[in-house]
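See structure below.
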Amino acid sequence: MIINSIQAAIGHTPLLRFTHHDFPEIPEGSAVYAKLEYLNPGGSIKDRLGVYLINEGLTSGRITRETTIIEPTAGNTGIGIALAALAVGLPTIFVVPEKFSLEKQALMQALGAKIIHTPTEAGITGAIAKARELQEELPDSYLPLQFENPANPQAYYQSLAPEITADVGAEITSFVAGIGSGGTFSGVASYLLERNTAVRLIGVEPEGSILNGGSSHSHEIEGIGVEFMPTFLEGLPITKYATISDSEGFAMTKRLAKEHGLLVGSSSGAAMQAALAEVAQLPAGSQVVTIFPDGGERYLSKNIYSREDY
Ligand code: PMP
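Residue numbers (my numbering): 1489 to 1798.
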């Protein structure tokens, strides 16, 4: 396959099917499908958002050739935006809470981005406030703001969701996915609902996220978990939220690597844990789709595969 830019390699990731053979938790005749988003060139599902946001901004006129892009991000969205911005020569500044992995920050910088840190305790809310401040100060800057911008779910509605139904068909029993901004979940869920109103929608969060009513506190699983209810979830008939502990999430992440050769990040482990719990209580013949959003190499400094406590 010859391509003319690395951005052309974004999307069309493989969908890996697991059966009873692979995981005894999956009833015979049922399947769990995992969309391998870590195989995108920037290493995560957020490459799709980066390209979509930059194209949408250029088309709508919100972005010109002089614009600086500013965004608060845990890292993967920054990498996705930086990759897309690079193709059109736009500078990028990302506001990142200190706790997030150093590798993600190094990758954003490798793609030419400038990073501004906010304190871990201020959470993503602190990063959003700082990004808004920067945007006010900097003439001709654009803040896509993934947490509010309808282009976020749209990116997944238009690229990820059709790929899934093209491979599995409309007969998807359940869609199980982690929620950070909620863009991935909402975009794919909306698309699936238009084809099958009975599809079960399971949102995945780490302990320390508030979707199941728990109190907000820090957690080690990276990329998912919210401090406030994402606007994108409003109006969606969500079946339930699965709250996964750090130890369950990391144990599954290690198992995916060791038993299946899948070098994925901890939000993938959490999603798989929830997908297995879901398929285990469904009738034989059910099809559960989940997402593996990024890879594990960007968390090696956090000992993702070698922590003894999980
Ligand atoms: N997993 C990882 C590793 C991520 O970086 C993100 C995005 N923060 C997600 C899951 C969740 O995606 P979304 O923001 O679309 O809910």
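Built from N, CA and C at the ideal position, the CB exists for glycine as well.
Compare the Cα-Cα distances from residue 1689 to each of 1695, 1699, 1677, 1682 and report the closest residue. Stepping through the sequence shown from its first residue, residue 1689 is reached at position 201. The candidate whose alpha carbon is nearest that of residue 1689 is 1677.
Could you give the distance in angstroms between the alpha-carbon of residue 1619 and the alpha-carbon of residue 1533? Working through the sequence shown from its first residue, we reach residue 1619 at position 131. Working through the sequence shown from its first residue, we reach residue 1533 at position 45. Each residue's Cα considered, the two are about 22 Å apart.
Should residue 1697 be counted as a contact of the ligand PMP given a C-beta to heavy atom distance under 8 Å? For the purposes of this step, residue 1697 is taken as residue 209 along the sequence shown, with counting starting at 1. Incorrect: residue 1697 has no Cβ contact closer than 8 Å to the ligand PMP.
Quick one: any contact between the region 1523-1541 and the region 1494-1503, if contact means 3 or more CB pairs under 8 Å? yes
Checking the sheet assignment: what are the DSSP bridge partners for residue 1694? Sequence index remark: in the sequence shown, residue 1694 carries index 206 (1-based). Per DSSP, 1732.
On the DSSP bridge list, what partners appear for residue 1495? Sequence index remark: in the sequence shown, residue 1495 carries index 7 (1-based). In DSSP, residue 1495 forms no bridge with anything.
Close-in-space but distant-in-sequence residues of the same chain around residue 1667 (CB under 7 Å, 5 per side omitted): Sequence index remark: in the sequence shown, residue 1667 carries index 179 (1-based). Correct list, in chain order: 1673, 1691, 1692, 1693, 1699, 1712, 1714, 1718.
In terms of residue numbering, what span does the alpha helix (DSSP H) encompassing residue 1570 cover? Your numbering for residue 1570 matches position 82 in the sequence shown. Counting along the chain, the alpha helix (DSSP H) containing residue 1570 begins and ends at 1564-1575.
Helix, strand or coil for residue 1793? Go by DSSP, reduced to three states. Start at 1 with the first residue of the sequence shown, and residue 1793 comes out as number 305. If DSSP states are grouped into helix, strand and coil, residue 1793 belongs with coil.
Is residue 1734 near the ligand PMP, with its Cβ less than 8 Å from a heavy atom? On the sequence shown, position 246 is the one that residue 1734 refers to. No, the beta carbon of residue 1734 sits no closer than 8 Å to any heavy atom of the ligand PMP.
Counting C-beta neighbours from all protein chains within 10 Å, is the total for residue 1746 16 or more, i.e. buried, or is it exposed? Position 258 of the sequence shown, counted from the first residue, corresponds to residue 1746. Classification of residue 1746: exposed, given that the 10 Å Cβ count is below 16.
Simplified DSSP assignment, three categories, for residue 1548: As a position in the sequence shown, residue 1548 is number 60, starting the count at 1. The answer is helix: DSSP assigns residue 1548 an H, G or I state.
Could you check if residue 1562 belongs to the surroundings of the ligand PMP, using beta carbon to heavy atom distance under 8 Å? Within the sequence shown, the letter at position 74 stands for residue 1562. Yes, the ligand PMP has a heavy atom inside 8 Å of this Cβ.
When you compare the region 1782-1793 with the region 1587-1598, are there three or more beta-carbon pairs, one atom per stretch, that lie closer than 8 Å? yes
For residue 1629, which of helix, strand or coil comes out of DSSP? Here residue 1629 refers to the residue found at position 141 when the sequence shown is read from its first residue. It is a strand residue.
Below 8 Å on the Cβ atoms is my guess for residue 1502 versus residue 1537; work out the distance and round it to an integer in Å. Mapped onto the sequence shown, residue 1502 falls at position 14. Mapped onto the sequence shown, residue 1537 falls at position 49. Not confirmed; about 20 Å, so no contact.
Is residue 1761 buried or exposed, if buried means 16 or more other CB atoms sit within 10 Å of its CB? Here residue 1761 refers to the residue found at position 273 when the sequence shown is read from its first residue. Residue 1761 is buried by the Cβ-count criterion.
Identity of the residue in 1728, 1630, 1686 nearest residue 1701 by Cα: By 1-based counting over the sequence shown, the position of residue 1701 is 213. Comparing Cα positions, the closest option is 1728.
So, at 8 Å on beta carbons, what are the nonlocal neighbours of residue 1773 in its own chain, with the 5 sequence-adjacent residues on each side left out? On the sequence shown, residue 1773 is found 285 positions in, with the first residue counted as 1. Excluding positions up to five away in sequence, the list reads 1517, 1518.
So, residue 1578 versus residue 1555, is the Cβ gap smaller than 9 Å? If you number the sequence shown from 1, residue 1578 lands on position 90. If you number the sequence shown from 1, residue 1555 lands on position 67. Yes, the pair counts as a contact, with Cβ atoms nearer than the cut-off.
Cut-off 8 Å between Cβ atoms - residues of its own chain near residue 1514, not counting five sequence neighbours on either side: Position 26 of the sequence shown, counted from the start, is the residue given in the question as residue 1514. Excluding residues within five positions, the ones whose Cβ falls inside 8 Å are 1506, 1507, 1508, 1520, 1764, 1767, 1768.
Could you have a look at residue 1559 and say whether DSSP puts it in helix, strand or coil? The residue you call residue 1559 lines up with position 71 of the sequence shown. Strand, per DSSP.
Find the nearest neighbour of residue 1732 within the set 1615, 1539, 1636, 1759, judged by alpha-carbon distance. Position 244 of the sequence shown, counting from 1, holds the residue named residue 1732. Nearest of 1615, 1539, 1636, 1759 to residue 1732, Cα basis: 1759.
Just checking residue 1534 against the ligand PMP - is the residue's beta carbon closer than 8 Å to any of the ligand's heavy atoms? For the purposes of this step, residue 1534 is taken as residue 46 along the sequence shown, with counting starting at 1. Residue 1534 Cβ: within cutoff of the ligand PMP.
Could you pull out every residue in the same chain whose Cβ sits closer than 7 Å to the Cβ of residue 1658, ignoring the five residues on either side in sequence? For this step, residue 1658 is matched to residue 170 along the sequence shown. Excluding positions up to five away in sequence, the list reads 1683, 1684.
Exposed or buried, residue 1749, counting other C-beta atoms within 10 Å across all chains shown (16 or more means buried)? Taking the sequence shown and counting its residues from 1, the one referred to as residue 1749 is at position 261. By the 10 Å Cβ count, residue 1749 comes out exposed.
Whole-angstrom distance between residue 1770 and residue 1730, CA atom to CA atom: The residue you call residue 1730 lines up with position 242 of the sequence shown. The residue you call residue 1770 lines up with position 282 of the sequence shown. The straight-line gap from Cα to Cα measures roughly 15 Å.
Assuming residue 1826 and residue 1606 form a contact by the criterion Cβ under 8 Å, report the distance between their Cβ atoms to the nearest whole angstrom. Any property of residue 1826 remains undetermined from this structure, which presents the chain solely from 1489 to 1798.
What is the residue span of the beta strand (DSSP E) that residue 1505 lies within? Residue mapping note: residue 1505 aligns to position 17 of the sequence shown, counting from 1. Element bounds for residue 1505: 1503-1506.
What are the start and end residues of each continuous alpha helix (DSSP H) run of 4 or more residues lying completely inside the region 1582-1637, in chain order? 1590-1598, 1611-1625
Please classify residue 1535: does DSSP put it in a helix, a strand, or coil? Numbered from 1 along the sequence shown, position 47 holds the residue referred to as residue 1535. Residue 1535: helix per DSSP, three-state reduction.
Just to confirm the assignment, what range does the beta strand (DSSP E) spanning residue 1675 have? Taking the sequence shown and counting its residues from 1, the one referred to as residue 1675 is at position 187. No beta strand (DSSP E) contains residue 1675, which is instead part of the alpha helix (DSSP H) from 1671-1683.
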